[in-house]
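J.: In the numbering used here, the protein residues as written are 14 to 115.
Virtual Cβ for every residue (Gly too), placed ideally from N, Cα, C.
Bear in mind the structure is a predicted one, so any value in this text is a computation, not a measurement.
Pasting in a structure now, in structure tokens, and then I'll have a few things to ask.
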């Protein structure tokens, strides 16, 4: 997966988490997903990509600091903030959701 493709997938996961934890309206999420699709960026995980491997790589990301998870969420378009309220389990669920469209 190329870096830009991984970012597109991460944005989709972050949108899901934003809806759950920050109250992002679904139409705002859909507007962003429509833009990603218009640029032919992936919105589904490639087959064979294991959730455990993704979580292991995420553990090395700058947002994961000494066991603490910091995640950028959206309340609305243009209204981003850093949250420490997203659990590892919620991230696993968001990664799993990348395997299909809900």
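Grouping DSSP H, G and I as helix and E and B as strand, with all else coil, what is residue 41?
T.: In this structure, residue 41 counts as helix in the three-state DSSP scheme.
J.: Using only alpha-carbon positions, find the residue among 113, 89, 84 and 110 that is nearest to residue 100.
T.: Per the Cα distances, 84.
J.: Which one of 104, 62 and 24 has the shortest CA to CA distance from residue 90?
T.: That would be 24, whose Cα lies nearest to the Cα of residue 90.
J.: What is the DSSP secondary structure of residue 95, counted as helix, strand or coil?
T.: The answer is strand: DSSP assigns residue 95 an E or B state.
J.: Which term fits residue 73, buried or exposed, when burial requires 16 or more other beta carbons within 10 angstroms of its beta carbon?
T.: Looking at its Cβ environment, which holds fewer than 16 other Cβ atoms inside 10 Å, residue 73 is exposed.
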